[in-house]
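Below you'll find the structure, written out as structure tokens, and then a few comments.
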Amino acid sequence: MTGSDRLALSAPIDAPAVPTIEIASPTRRDEARSAMAVAAALRDSGVPVRDIAVAVRDLDPYEEPLFRAAIQCGIAPVFWTQLRVTRTRPYALVEAVCGALAGDTVDRGALLRPLELRWSPAGSSGSSGSDPPSTEWPIEPAAVHRARNILPNGLRSIPEWIEVIDSTDGADDRIRQFAEWIAAAPPLEPASVASLLGEVVEGYAERGLPETKVADSPALLDTETDARAVVRVRTLIRQLRHKFADRLEEDTVERSWGDIADLAGVIATQRPGRREHSNARALDVFEANDIWALEVPYVIAVGLTAEEWPQPSQSPLPPEFQEAVLRGEGATGALAPQPAWVGGRDRDQFGDTLRAAGRCVVVTRHTRTPGGDDVARSPLLDHLDTRRVSEDARRRLIGTDRELPPELRAVVDGGPEQGDGGPEGNRG
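Basically our numbering = 1-based index in the sequence shown + 27.
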């Protein structure tokens, strides 16, 4: 490795051509609230939500506080963690229902899979009529397991399955009700896709989500995740209707539920920059590795602390040795440093985040842990000349009136846009 290669690993980050405003908050939750208050204040000042994006190095520790803060600020957030959405129960339920609807015949597993995932008829009340057990939803796992044991396997049409269920001793009547619901599915059209799958999600929200809460820990983390997944899948279904209509018009998709499932998977895993028009009023929240293709006027970069962005190196080698190898002096000149020692990937993603902003970058961080320990400022910010927002201005930002800090107000009102322009605020 040449000397220039070594220097490239720790070279200064190119400052953006737009102002960089820094907001420090006491805790992570305060930071999330400050970040969402910035988005809400920009919106209230006439900036379209589509012109704002939030970037986080790792959404895991930030999604929950950002979600809560967004709701408090009256913002509908969309968290772009698509691969994780496909691993949630609401998404799996939609996929399983498409599988039960696809083709002329289904096997026992495909028939029962939606019931395993807590399919429930939307608007069900838990018990009614003269046969209360038949209307208790969702069907309990033991009943589904019993059905696997007593129902024959093999491919059958849905009407044939209904006959088999009726003639099988001990078969749960709720399985027949689900099969009848499948049999009554309307012809496949964009509107019917939205209505039928929307019914699936609403049934889950009404009956499946409470089951998650009952089994959850006191912190209700699984319930929070399940609830956010319901919101995301609702959005996906709205997108699916429009996308399916577009594909039908282009004659690039078949009228099959198998293709609907595939199209849902495409939408759920699409890259940034391809947001559907039905979601244009939501605030996009990205992980930093997904922001490289983005161009948006205002970017809010969250989590600029020494422990979050960049992530500390996990190398077993002592920092002194890493520094010696990076310098390449003496015998260490023959050794190749690891980019992770200087947060190479995190540096690149931070650079992408800065370049994505066309008008202003707002960076946020928190200064202490829940236990009261100090949290250091990210060394990545040492490369930038930031305009720091005072604590008084931050409090006014998160207050009832949601007042933009002077540093950001100057940008919105058409003030200096270069990183070295304007006297506002304290320089970093």
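Glycine residues also receive a C-beta, built at the ideal position from the N, C-alpha and C atoms.
Quick caveat, the model's predicted, so the values are computed rather than measured.
Does the segment 310-318 come close enough to the segment 78-98 that 3 or more CB-CB pairs lie under 8 Å? With a cut-off of 8 Å, the segment 310-318 and the segment 78-98 count as touching, because enough Cβ pairs lie within range.
Name the two residues that bound the continuous alpha helix (DSSP H) containing residue 190. For residue 190, the enclosing alpha helix (DSSP H) starts and ends at 185-194.
Are residue 68 and residue 421 close, meaning C-beta to C-beta below 7 Å? no
Do three or more CB pairs link the segment 217-226 to the segment 255-272 at distances below 8 Å? yes
So, are the CB atoms of residue 326 and residue 384 less than 7 Å apart? Result yes, Cβ atoms of residue 326 and residue 384 sit closer than 7 Å.
Which whole runs of the alpha helix (DSSP H) in the segment 65-127 are 4 residues long or more, in chain order? 90-99, 109-112
Taking the alpha-carbon of residue 71 as reference, which of 44, 95, 100, 114 has the nearest alpha-carbon? 100
Can you give me the C-alpha to C-alpha distance between residue 456 and residue 228, rounded to a whole angstrom? This structure gives no information on residue 456, because the portion of the chain shown stretches from 28 to 455.
Does the Cβ of residue 194 have 16 or more other Cβ atoms within 10 Å, making it buried, or fewer, making it exposed? exposed
For residue 317 and residue 192, what's the separation of their Cα atoms in angstroms? 48 Å
Under a three-way DSSP split, which group does residue 43 fall into? Secondary structure at residue 43: coil, using DSSP grouped into helix, strand and coil.
Mind checking which residues open and close the beta strand (DSSP E) that includes residue 310? For residue 310, the enclosing beta strand (DSSP E) begins and ends at 310-314.
Could you tell me the alpha carbon to alpha carbon distance between residue 374 and residue 399, rounded to whole angstroms? 28 Å
Other residues of its chain near residue 173: CB distance less than 6 Å, five sequence neighbours each side excluded: none
For residue 282, the three-state DSSP class (helix, strand or coil): coil
Which value, in whole angstroms, describes the spacing of the CA atoms of residue 381 and residue 253? One alpha carbon belongs to residue 381, the other to residue 253, and they sit about 32 Å apart.
May I ask you to report which of helix, strand or coil DSSP gives residue 244? coil
Considering only DSSP beta bridges, list what residue 401 is partnered with. 395
Give me the Cα-Cα distance between residue 285 and residue 244, rounded to the nearest whole angstrom. Distance from the CA of residue 285 to the CA of residue 244, rounded to the nearest whole angstrom, comes to 36 Å.
Beta-carbon within less than 6 Å of residue 182's beta-carbon, same chain only, minus the 5 sequence neighbours each way: which residues are those? 132, 134
Chain-order list of residues whose beta-carbon lies under 6 Å from that of residue 390 (same chain, five-residue window excluded): Listed in chain order, the non-local C-beta contacts of residue 390 below 6 Å within the same chain comprise 49, 328, 331, local neighbours out to five positions each way being set aside.
Under 7 Å between C-beta atoms of residue 94 and residue 142: no
Within 7 Å, strictly: CB atoms of residue 121 and residue 290: no
Cα-Cα separation between residue 97 and residue 60, rounded to whole angstroms: 8 Å
When we look at the beta-carbon of residue 411 and count the other beta-carbons within 10 Å, is it buried (16 or more) or exposed? Classified as buried, residue 411 has 16 or more neighbouring CB atoms from the shown chains inside 10 Å of its CB.
Among the residues of its own chain, which have a CB less than 7 Å from the CB of residue 63, if the five just before and after it don't count? 93, 96, 97, 100, 102
Rounded to whole angstroms, what's the CA-CA distance from residue 154 to residue 164? Just pull it up for me. Unreliable positioning characterises residue 154 in this predicted model, as indicated by a pLDDT of 38, which lies under 50. A coordinate reading is not provided.
CA nearest to the CA of residue 216, picked from 293, 388, 113, 271: 271
Is the Cβ-Cβ distance between residue 123 and residue 140 less than 7 Å? yes
Which partner residues of residue 332 appear in the DSSP bridge assignment? 404
Suppose the cutoff is 8 Å on Cβ atoms and the five residues either side in sequence are ignored; what does the same chain contact list for residue 401 look like? 394, 395
Below 7 Å between beta carbons: does that hold for residue 333 and residue 242? no
Paired residues, beta bridge with residue 52 - DSSP: 393
Going by the beta-carbon positions, is the gap between residue 256 and residue 115 smaller than 7 Å? yes
Grab me the residues of residue 56's own chain with a C-beta within less than 7 Å of its C-beta, minus the 5 sequence neighbours each way, in chain order. Cβ contact annotation for residue 56 (same chain, cutoff 7 Å, sequence separation greater than five): 92, in chain order.
Between which two residues does the alpha helix (DSSP H) harbouring residue 172 extend? 168-177
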